[in-house]
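Input: a single structure, listed below in structure tokens.
Protein chains: 2
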Amino acid sequence: MTGGVGFGVFSVGGDAPRVGFRVGNGILDLTTVRLGAVFDAASLNPFLALGRSAWEDTLSRIDQLVTGGAEIIPLEQTVAHLPIEVGDYVDFYSSLEHATNLGRLFRPDVEPLLPNWRYLPVGYHGRSGTVVVSGTPIVRPCGQAKASDEVAPTFGPSRRLDIELELGFVVGVGSSLGAPVPAAVVRDHVFGVVLVNDWSARDIQAWEYQPLGPFLGKSFATSVSAWVTPLALLEDRFVRAPVQDPEPLPYLRVAGEWALDAELEVELSGTVVSRTNASGLYWTMPQQLAHATVNGASIRTGDLFATGTISGSKHGSEGSLIELTSNGVHPIRLGDGSTRTFLEDDDEVVLRGRAGDLELGEVRGTIVPASV
Amino acid sequence: MTGGVGFGVFSVGGDAPRVGFRVGNGILDLTTVRLGAVFDAASLNPFLALGRSAWEDTLSRIDQLVTGGAEIIPLEQTVAHLPIEVGDYVDFYSSLEHATNLGRLFRPDVEPLLPNWRYLPVGYHGRSGTVVVSGTPIVRPCGQAKASDEVAPTFGPSRRLDIELELGFVVGVGSSLGAPVPAAVVRDHVFGVVLVNDWSARDIQAWEYQPLGPFLGKSFATSVSAWVTPLALLEDRFVRAPVQDPEPLPYLRVAGEWALDAELEVELSGTVVSRTNASGLYWTMPQQLAHATVNGASIRTGDLFATGTISGSKHGSEGSLIELTSNGVHPIRLGDGSTRTFLEDDDEVVLRGRAGDLELGEVRGTIVPASV
């Protein structure tokens, strides 16, 4: 299948949201083609819970229908909804380049990459209740921040609002408490991928994050694609991941090629400001899933795991503004001649991704002024 | 009402789980007294979403029924289930004594209390999918750990498995994205409280937690009471919280008395090893709710916010073994003559709480050997 994007939830007019499959600029309504009651739902979760053979059968059926000329609803007649009911949301920190860049900015006095980074995929839990679908306006968050030359924090709208370009994977089939999910069985559990913009207020984050990690600097919103692209459609697009040194512990070893060769770009108010590729990520999806469950933690249908910011090694391939502008020191210039360090009100950010001839669902968001 | 404990979900024999109110050693089945269809559910969430006046009406009706001699099902004939479908789970770090003790142990070379601690209630997101009801066995987690004298981490069952004695509050009525919840309206949103045991694998946590916070050291299980005690039953039990210095920023100021005067204890395999009181916590529930939403993050019915470990200033009032044993250096002695640094397999932990003559739902858990 080419041009296909993935599964999502949509509505037309005031109709109830339902499941569809996006093909190019249109949507195949899966309720009218009677593939089962799971599609008459406001999220993909009932379908995702059915498991891998149902996913594959459905894709075959969709392929037949599209080839056979089934009705496709033009995208512009539809409204897209959040495709999944998110269980837990975990965000990793899988890019060596991003972790090094951020370490240098947040902890200038020590080695940027902390000792644990090459031994385990560092990650943390984000707020699942504020995961929103592409297109949702992003209200500039307020919070506490303290500059290094101030004696006490002040409260106000974030002045260092940033993006994070990420990929996410969505869990279809869950697991039981106490039973780790080995890296080798990832395809039995993970349904597909989305693009993710993990909006970040760097000033709030810098003041709050020690010792328990990011909280309000991230929890105000996380945007995801309206369309989840099944792994099954991406099989040919995985390539060999970077060599890991030291060799990971046995539970993190996995056979096969697990780096997704997906070209990604960040557009900021009309200008593409970053281009990179997800294949450079150090830690891979099966490793992340194995790590997140090795302590016996269970996973659920709808759980979202994101890669963390995807940054390349060259200038112009960083997945966040804090990196692209060297912490605001070197502004970037947009096509209209204006410059940016961090996001300004009314800025629109679009994340796009493509794996071969398959387009991933874009992630779009516009900054709305703070509500104070 | 005295002796009452709160609302929960129970079943008898193989019946479907439903909502009940625990009074002493029995349960009032709320489906048979026909207070509404919301009680014919496997979680409290539909009832919690109704809001404050419905909660108060229900409590009045329960009071009448209990006084009027309605049938009470003996507790031993019932099975308790997880009372809420947890949305997001946030854990704070509200005890000055605990934060100081842990800082000293985890970061011996710097000031134990970090600069942000007195300005904001430090918190992070935990894993909501692994919140379990009291009585659920706790499988000893495996993971990576690295002693300071080792050059690389090793993998295996945690050797420093610990407890954290906490209180949690449960959100009834949610809020909208972008709209902070002021501290003053906490009673319109928060339904009630539970006891929480935030099980912690200290060796896994120490190796993984920088820079993004605790992850696998906590995510394997968090146990909560089977019974949620409504705030409305605790009104007389709030006392003045410790004076805060410096004075908090305006969004964190709140009128009234917000420290819950609840006596708490930790029993370890038959011996009470800690006694403390929740009224000594530095940060209060309305402050935590205001802080968690000041960036515009929304809350949902079923969200769980926990205080973080409750430790007093005297020896024997610490809410974790790492504190009670000075990081395993000074073992504690149990009634049977045995000693403990951290939890051993087959140990049973019971957290109990009492606010005046009102008993909070206990939290019980037994350690099961690691499954490797």
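So the sequences go chain by chain: A and B. End of the first sequence sits at 372 in the numbering used here; the numbers just go up one at a time, nothing left out. End of the second sequence sits at 744 in the numbering used here; the numbers just go up one at a time, nothing left out. Glycine is no exception: its CB is placed at the ideal position from the N, C-alpha and C atoms.
* Determine whether the Cβ of B/Ala555 lies closer than 8 Å to any Cβ atom of chain A. => Sequence index remark: in the second sequence, residue 555 of chain B carries index 183 (1-based). No, no contact with chain A.
* Mind listing the chain A neighbours of B/Glu538? Cutoff is C-beta to C-beta under 7 Å, in chain order. => Counting from one through the second sequence, the residue named residue 538 of chain B turns up at place 166. Ordered by position in chain A, no residue passes the 7 Å Cβ test against B/Glu538, which lies about 14 Å from the chain.
* Do you know how far the Cα of A/Thr309 is from the Cα of A/Gly319? -> Locating residue 319 of chain A in the first sequence gives position 319, counting from the first residue. Locating residue 309 of chain A in the first sequence gives position 309, counting from the first residue. C-alpha separation (whole angstroms): 6 Å.
* Asked: Can you list the residues of chain B that A/Trp207 reaches, using a CB-CB cut of under 9 Å?
  -> Working through the first sequence from its first residue, we reach residue 207 of chain A at position 207. By Cβ distance, chain B contributes Pro487, Asn488, Tyr491, Leu492.
* Asked: Going by other Cβ atoms of all chains shown within 10 Å of its Cβ, with 16 needed for buried, is A/Ala259 buried or exposed?
  -> The sequence position of residue 259 of chain A within the first sequence is 259, counting from 1. Classification of A/Ala259: buried, given that the 10 Å Cβ count is 16 or more.
* Mapping DSSP to helix, strand and coil, what is A/Gln64? -> Sequence index remark: in the first sequence, residue 64 of chain A carries index 64 (1-based). Of the three classes helix, strand and coil, the one that applies to A/Gln64 here is helix, per DSSP.
* Name, in chain order, the residues that DSSP records as bridge partners for A/Phe169. => On the first sequence, residue 169 of chain A is found 169 positions in, with the first residue counted as 1. Note: A/Phe169 sits in a beta bridge opposite A/Val193, A/Phe305.
* Asked: So, is the C-beta of B/Gly691 closer than 8 Å to a C-beta in chain A?
  -> What you label residue 691 of chain B is simply residue 319 of the second sequence in a count that begins at 1. No, B/Gly691 does not count as interfacial toward chain A.
* Between the C-alpha atoms of B/Glu586 and B/Asp633, what's the straight-line distance to the nearest angstrom? -> Reading the second sequence from its first residue, position 214 is the one you call residue 586 of chain B. Reading the second sequence from its first residue, position 261 is the one you call residue 633 of chain B. The sequence shown places Pro at residue 586 of chain B, not Glu. Computed Cα separation, rounded: 29 Å.
* Can a CB atom of chain C be found closer than 8 Å to the CB of A/Asp245? -> The chain labelled as chain C is not found among the protein chains of the depicted structure, namely A and B.
* Asked: Quick one: is A/Asp347 buried, meaning 16 or more other Cβ sit within 10 Å of its Cβ, or exposed?
  -> Here residue 347 of chain A is taken as the residue at index 347 of the first sequence, counted from 1. Buried, because 16 or more other Cβ atoms sit within 10 Å of the Cβ of A/Asp347.
* To do: Quick one: which residues of the segment 697-727 of chain B get their C-beta closer than 7 Å to a C-beta of chain A? List them in chain order.
  => none
* Asked: Just how far apart, CA to CA, sit A/Ala201 and A/Gly316?
  -> Position 201 of the first sequence, counted from the start, is the residue given in the question as residue 201 of chain A. Position 316 of the first sequence, counted from the start, is the residue given in the question as residue 316 of chain A. The alpha-carbon atoms of A/Ala201 and A/Gly316 are separated by roughly 21 Å.
* Asked: Looking at the unbroken beta strand (DSSP E) that takes in A/Thr229, where does it start and where does it end?
  -> If you number the first sequence from 1, residue 229 of chain A lands on position 229. Its beta strand (DSSP E) spans residues 227-230.
* Looking only at C-alpha atoms, which of A/Ile367, A/Trp55, A/Ser94, A/Gly178 sits nearest to A/Leu231? -> By one-based count along the first sequence, residue 231 of chain A stands at place 231. Taking only the C-alpha atoms, the option nearest A/Leu231 is A/Trp55.
* What do you reckon, are the CB atoms on B/Leu693 and B/Leu715 nearer than 8 Å? -> For the purposes of this step, residue 693 of chain B is taken as residue 321 along the second sequence, with counting starting at 1. For the purposes of this step, residue 715 of chain B is taken as residue 343 along the second sequence, with counting starting at 1. Cβ distance < 8 Å, so B/Leu693 and B/Leu715 count as in contact.
* **Cβ neighbours of A/Thr339 in the same chain (closer than 6 Å, five flanking residues each side left out)** => The residue labelled residue 339 of chain A in the question sits at position 339 within the first sequence. Around A/Thr339: Pro331, Arg333.
* Assign A/Ala278 to one of three DSSP states: helix, strand, or coil. => What you label residue 278 of chain A is simply residue 278 of the first sequence in a count that begins at 1. In this structure, A/Ala278 counts as helix in the three-state DSSP scheme.
* Quick one: is A/Asp109 buried, meaning 16 or more other Cβ sit within 10 Å of its Cβ, or exposed? -> Mapped onto the first sequence, residue 109 of chain A falls at position 109. The residue is exposed, with fewer than 16 neighbouring Cβ atoms inside 10 Å.
* To do: Would you list, in sequence order, the uninterrupted alpha helix (DSSP H) runs of no fewer than 4 residues that lie entirely inside the segment 388-471 of chain B?
  => 417-420, 424-439
* Evaluate the contact criterion for the segment 35-46 of chain A versus the segment 179-190 of chain A: three or more CB pairs, one atom per stretch, below 8 Å. => no
* Neighbourhood of B/Pro741 by C-beta distance below 7 Å, restricted to the same chain and skipping five residues each side -> The residue labelled residue 741 of chain B in the question sits at position 369 within the second sequence. Same-chain partners within the cutoff: Arg512, Asp717.
* Asked: Roughly how many whole angstroms lie between the Cα atoms of A/Asp81 and B/Ala664?
  -> Reading the first sequence from its first residue, position 81 is the one you call residue 81 of chain A. Reading the second sequence from its first residue, position 292 is the one you call residue 664 of chain B. One point to set straight first is that residue 81 of chain A is His, not Asp, in the sequence displayed. Their backbone Cα atoms lie some 25 Å apart in a straight line.
* **Status (buried if at least 16 other CB within 10 Å, exposed otherwise) for A/Glu67** => Stepping through the first sequence from its first residue, residue 67 of chain A is reached at position 67. What sits at residue 67 of chain A in the sequence shown is Thr, not Glu. It counts as exposed.
* **Three-state class that DSSP yields for A/Phe106 in the structure shown** => Reading the first sequence from its first residue, position 106 is the one you call residue 106 of chain A. Looking at A/Phe106 - three-state DSSP - the assignment turns out to be helix.
* **Residue range of the unbroken beta strand (DSSP E) whose run includes A/Glu263** => Position 263 of the first sequence, counted from the first residue, corresponds to residue 263 of chain A. Start and end: 263-268.
* Cβ of A/Tyr119 within 8 Å of Cβ of B/Pro525? -> On the first sequence, residue 119 of chain A is found 119 positions in, with the first residue counted as 1. On the second sequence, residue 525 of chain B is found 153 positions in, with the first residue counted as 1. Contact flag set, yes.
* **Run of the alpha helix (DSSP H) containing A/Ala292, from where it starts to where it stops** => Along the first sequence, one-based indexing puts residue 292 of chain A at 292. Counting along the chain, the alpha helix (DSSP H) containing A/Ala292 begins and ends at 285-293.
* Asked: Closest to A/Leu351 by CA distance: which of A/Val329, A/Leu102, A/Ile163, A/Phe21 is it?
  -> Stepping through the first sequence from its first residue, residue 351 of chain A is reached at position 351. Of the candidates A/Val329, A/Leu102, A/Ile163, A/Phe21, the one whose C-alpha sits nearest the C-alpha of A/Leu351 is A/Ile163.
* Asked: Should A/Gly172 be flagged as near chain B, meaning a C-beta pair shorter than 8 Å?
  -> Residue numbering aside, residue 172 of chain A sits at position 172 when the first sequence is read from its first letter. Chain B, which has no Cβ nearer than 8 Å to the Cβ of A/Gly172, makes this no.
* Asked: Can you name the start and end residues of the beta strand (DSSP E) that B/Arg724 belongs to?
  -> The count along the second sequence starts at 1 and reaches residue 724 of chain B at position 352. That run of the beta strand (DSSP E) goes 720-727.
* chain B beta carbons: is any one of them nearer than 8 Å to that of A/Asn295? -> The sequence position of residue 295 of chain A within the first sequence is 295, counting from 1. Yes, A/Asn295 lies at the interface with chain B (some Cβ there is under 8 Å from its Cβ).
* To do: Note down, in chain order, every chain A residue with its Cβ under 7 Å from the Cβ of B/Gly550.
  => Here the question's residue 550 of chain B lines up with position 178 in the second sequence. Correct list: Val139, Ser371.
* Backbone secondary structure at A/Thr366 - three-state DSSP -> Position 366 of the first sequence, counted from the start, is the residue given in the question as residue 366 of chain A. Note: A/Thr366 maps to strand in three-state DSSP.
* Hey, quick one: how far does the alpha helix (DSSP H) through B/Gly589 stretch, first residue to last? -> Residue mapping note: residue 589 of chain B aligns to position 217 of the second sequence, counting from 1. First-last of the alpha helix (DSSP H) with B/Gly589: 588-591.
* **Segment contact flag, the segment 441-450 of chain B with the segment 639-659 of chain B, C-beta cutoff 8 Å, min 3 pairs** => no
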